[in-house]
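Worksheet: the structure to be examined is printed underneath.
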Amino acid sequence: MRVAPTKIETFRDDFTYSNSEFAIKRFPFPFPEDDYMYSVNIEPHTLPGPVGTVNEHLIDIDEHYLSEMRERGIVLEENPKRCLAMPHMDLACWDMIDRCMTTMSEDYPDYFSLTKDGDTWHWHNKLLDQQDTFTFGDSSTLSLPPMEYIGRQVQGDFALLDQRDGDLFMDAGIVTCPADWSLAFDAGMSFKEWHGPVPMAHELGIFDRALKYLCAIQVNRPVRRLNWTLTVNARMDTSPETYPQWGTDRTTVTPENIGEKIHLRVELQVLDRMPRSNALMFSIRTYLASLEDLCSNPEWARRLHRVMKGLPEPLIEYKGLTRYHPMLVEWLSQFDPVN
Ligand code: HEM
Numbered sequence: 003m004r005v006a007p008t009k010i011e012t013f014r015d016d017f018t019y020s021n022s023e024f025a026i027k028r029f030p031f032p033f034p035e036d037d038y039m040y041s042v043n044i045e046p047h048t049l050p051g052p053v054g055t056v057n058e059h060l061i062d063i064d065e066h067y068l069s070e071m072r073e074r075g076i077v078l079e080e081n082p083k084r085c086l087a088m089p090h091m092d093l094a095c096w097d098m099i100d101r102c103m104t105t106m107s108e109d110y111p112d113y114f115s116l117t118k119d120g121d122t123w124h125w126h127n128k129l130l131d132q133q134d135t136f137t138f139g140d141s142s143t144l145s146l147p148p149m150e151y152i153g154r155q156v157q158g159d160f161a162l163l164d165q166r167d168g169d170l171f172m173d174a175g176i177v178t179c180p181a182d183w184s185l186a187f188d189a190g191m192s193f194k195e196w197h198g199p200v201p202m203a204h205e206l207g208i209f210d211r212a213l214k215y216l217c218a219i220q221v222n223r224p225v226r227r228l229n230w231t232l233t234v235n236a237r238m239d240t241s242p243e244t245y246p247q248w249g250t251d252r253t254t255v256t257p258e259n260i261g262e263k264i265h266l267r268v269e270l271q272v273l274d275r276m277p278r279s280n281a282l283m284f285s286i287r288t289y290l291a292s293l294e295d296l297c298s299n300p301e302w303a304r305r306l307h308r309v310m311k312g313l314p315e316p317l318i319e320y321k322g323l324t325r326y327h328p329m330l331v332e333w334l335s336q337f338d339p340v341n
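If you're matching positions, the sequence shown starts at 3 in this note's numbering and goes up one per residue.
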């Protein structure tokens, strides 16, 4: 294995999270140009992708696996509503179990194994030291509801979208590390409804075009896109529900600590059609890296400066950067000869 889960790290309190050199090297840096603006940045997720990259497998398991699974457990303990599935999404939840278990056991045979005898399945998660035999499709044979059962063993947040009347509805999900949005609030909403707060993109027709594209996704033809924001400290759970715990973090940023405190938070989002239910599985795999670590790469450092300097005002505000944005641009300018 090139990427092995390591010791348990924290994403709260003392923030012991850190990236190895390899994790920084494979970080999905989201800026192909010096300018950034929303676009329909969707492309085929052709598998397997280049060896060692985050795009190699459908589900990317990396050195933070054990830490992220522990963090997910803490969040679900505090607020069980971070995982919900409407009754009509039951089949989609089983589709998710199939897709995750099948690909994880094929892609990481040292870590996961799956054996099937008709509907009797045996799953062995060697990383979490967990083994279960269950009847596929029968929730009474699992210790947890199907989406929570598998969601507690896979890095990244997940939403399962029901497709009807040419639209998508957020009718199930397990979301414990969102970039400031709430599953409980968005549950049952349509594609444009849950994207309501996003500035500029509606006017540019981005959501109209994206929705058409998504509704046409075929089985075994997943697509992907990257999304990004900035987060103070290596905090995974920046949800509205826990805002009192992290909202004031923004006031702690200074010119001395900004490189260490501010983290680029990149979401590798994959959309995958489920064969039985016709639902779309939407995975949001979050990667965090401090600016200091990212700026060890001179090209990334220069580009970050240019992107942040030119970021449209409505995006600065929507992404919650207003308070420290001038300080950020000033700090990044040290890496850019043209500033
Ligand atoms: C169907 C799967 C998708 C789901 C479940 C989803 C969900 C979300 C949610 C919950 C938000 C936060 C909105 C808020 O502020 O409350 C968001 C933001 C956003 N979404 Fe999506 N989205 C999906 C697909 C897409 C696609 C295909 C696009 C592409 C064109 C897109 C573009 C965006 C953009 C530009 C933002 C603003 C992000 C930022 O500036 O940080 N989304 N999405």
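Beta carbons are placed, not taken as given, at the ideal position from N, Cα and C, and that holds for glycine.
- The C-beta of Gln-132 has fewer than 16 other C-beta atoms within 10 Å across all chains shown, which makes the residue exposed.
- Rounded to the nearest whole angstrom, the CA to CA distance from Arg-252 to Asp-36 is 25 Å.
- Non-local C-beta neighbours of Tyr-38 in its own chain, meaning closer than 6 Å and more than five positions away in sequence, comprise Val-309, ordered along the chain.
- A residue is called buried once 16 or more other Cβ atoms fall within 10 Å of its Cβ, and Phe-171 is buried on that count.
- Annotation for Gln-271: Arg-226, Arg-227, Leu-228, Asn-229, Phe-284, Ser-285, Ile-286, Arg-287 place their beta carbon closer than 8 Å to its own, counting only its chain and skipping 5 residues before and after.
- DSSP places Met-310 within a helical segment (H, G or I) once states are collapsed to three.
- The nearest non-hydrogen atom of ligand 1 is 7 Å or more from the C-beta of Met-149.
- Remark: C-beta atoms of Leu-78 and Cys-85 approach each other more closely than 8 Å.
- When Cβ pairs closer than 8 Å are counted between the two stretches, the segment 122–130 is seen not to touch the segment 241–248, the count staying below three.
- Pairing Asp-188 with Val-340, the inter-Cα distance amounts to about 43 Å.
- For a cut-off of 8 Å, the C-beta gap from Ser-241 to Ser-279 is around 27 Å, too long to register as a contact.
- Going by DSSP, Ser-241 is part of no beta strand (DSSP E) at all; its letter is neither H nor E.
- Counting along the chain, no beta strand (DSSP E) covers Asp-167, and no H or E run does either.
- Going by C-alpha positions, Asn-43 is about 20 Å away from Gly-158.
- The alpha-carbon of Pro-224 is positioned some 12 Å away from that of Gly-51.
- For Ser-20, the three-state secondary structure derived from DSSP is coil.
- In the three-state reduction of the DSSP assignment, Trp-125 falls in the strand class, which pools E and B.
- As a beta-bridge residue in DSSP terms, Met-172 pairs with Leu-163.
- DSSP places Trp-230 in the uninterrupted beta strand (DSSP E) bounded by 225–234.
- Placement of the Cβ of Arg-227 at a distance of less than 7 Å from at least one heavy atom of ligand 1 is found.
- The DSSP-derived three-state label of His-265 is strand.
- Contact between the segment 28–35 and the segment 91–107 is absent, with fewer than three C-beta pairs closer than 8 Å.
- In the structure shown, Arg-278 adopts coil according to DSSP, grouped into three states.
- The beta carbon of Gln-220 sits closer than 7 Å to those of Arg-275, all from its chain and outside the five residues before and after it, given in chain order.
- Rounded to the nearest angstrom, the gap between the Cα atoms of Arg-304 and Arg-166 is 45 Å.
- Under the three-state reduction of DSSP, Arg-287 is assigned to strand.
- Taking the Cβ atoms as the reference, Met-106 lies roughly 23 Å from Ile-76, outside the contact range of under 8 Å.
- Check the Cα spacing between Phe-193 and each of Thr-231, Leu-282, Pro-82, Pro-300: the tightest is with Leu-282.
- With fewer than 16 other Cβ atoms from the protein chains shown falling within 10 Å of its own Cβ, Tyr-215 counts as exposed.
- Using a 10 angstroms sphere on the CB of Ser-292, the tally of other CB atoms reaches 16 or more, which defines it as buried.
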